[in-house]
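Colleague: The structure follows.
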Amino acid sequence: MSDHSHSTVDIPILFEDNHLLGIVKPVNVPTQEDASGDPDLLTLLKQDLKERYNKPGNVYLGLVHRLDRPVGGAMIFAKTSKAASRLSETVRGRDFRKIYTAVVHGKPPAQRGTLKHTLLKDARTNTVTVVPPGTAGGKDAVLDYQVLGQNDRYSLVRVELHTGRSHQIRVQMQAIHCPLFGDQKYGAGVNKPGQQIALWSTIAGFPHPVTKEEITLKSLPPREFPWAEWPVHVYEQAFQN
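Quick note on the UniProt record's numbering: the sequence shown kicks off at 1 and runs consecutively.
Pasting the structure below:
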């Protein structure tokens, strides 16, 4: 077990009670331990809870949804197994709101729309492709998008996911010829190696697993290129229903 306690990753806390821990996931930190062996979010947060609450032994923290490694933003973890199983049900039952902002190349065909595709994942290459409906192994993918801002090269879009497929936003936006800024996998022709993918978890909303009150975690992307192409008030439109 390597010692991650000296990690300098700063993880802002959005919400915390006895049941839940809501945080802003930093970009390029894996959600859970992966082959890279880099410090992962789950380990870092457990370490932090252990230190903050001076807990002996292992700390419980349940992972109920994931963000791809290059993606940052609002994310919720469960601090008890009961909260974890209830939240997982919420995610499966689609009562979990997932809203993202993304910077894409070009202009979507309309200011707002719904995208429906069938996606097939190739686990070997960890890539996802759009396939004809009815394809064996294909899964339905549905999202709503709304254009919040545009300039001559890029569009800023708000995306609400209705399904939780692997790489869903990246693949579906590429399918309408608007690949995400910085996406090497699904926009290699228009992006330069080393660019950071411009996809951010802006809202995670769900009923509290115990109190049932509606919890809404909100996070805005950093004020750097390409996000800084638009003023903050443009992003805040993403918070309106």
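Beta carbons are placed, not taken as given, at the ideal position from N, Cα and C, and that holds for glycine.
Can the beta-carbon of Leu-21 be found less than 8 Å from the beta-carbon of Thr-101?
Modeller: no
Colleague: Specify the secondary structure class of His-19 as computed by DSSP and reduced to three states.
Modeller: Secondary structure of His-19 (DSSP, three-state): coil.
Colleague: Who are Thr-114's beta bridge partners in DSSP?
Modeller: DSSP output for Thr-114 lists Asp-144 as bridge partner(s).
Colleague: What is the rounded straight-line gap between the Cα of residue 295 and the Cα of Val-29?
Modeller: Any answer about residue 295 is impossible in this case: the structure gives the chain only from 1 up to 241.
Colleague: Quick one: what's got a C-beta closer than 7 Å to Val-190's C-beta in the same chain, skipping five residues either side?
Modeller: For Val-190, where only same-chain residues beyond five positions count, the Cβ hits under 7 Å are His-105, Pro-179.
Colleague: Nearest by alpha-carbon distance to Ile-76: which of Pro-70, Lys-82, Arg-66 is it?
Modeller: Arg-66
Colleague: Mapping the DSSP letters down to three states, classify Phe-239 as helix, strand or coil.
Modeller: Collapsing the DSSP output to three states places Phe-239 in a helix.
Colleague: Can you check DSSP and say which residues form a bridge with Gly-73?
Modeller: Lys-25, Ser-201
Colleague: Under a Cβ-count criterion, where at least 16 other Cβ atoms within 10 Å of its own Cβ denotes burial, should Asp-40 be classed as buried or exposed?
Modeller: buried
Colleague: In the DSSP assignment, what are the bridge partners of Lys-139?
Modeller: Leu-119
Colleague: Quick check: the Cα distance between Asn-18 and Lys-185, rounded to an integer number of angstroms?
Modeller: 39 Å
Colleague: Grouping DSSP H, G and I as helix and E and B as strand, with all else coil, what is Thr-43?
Modeller: helix
Colleague: Could you check which residue in Glu-229, Leu-220, Ala-228 has the C-alpha nearest to that of residue 243?
Modeller: No statement about residue 243 is possible, as the shown extent of the chain runs from 1 to 241 and does not include it.
Colleague: Look up Ile-176 in the DSSP assignment and say whether it is helix, strand or coil.
Modeller: coil
Colleague: Go ahead and label His-6 buried or exposed: buried means 16 or more other beta carbons lie within 10 angstroms of its beta carbon, across all protein chains shown.
Modeller: In this prediction, His-6 scores a pLDDT of 46, lower than 50, which makes its location untrustworthy; no coordinate-derived value is stated.
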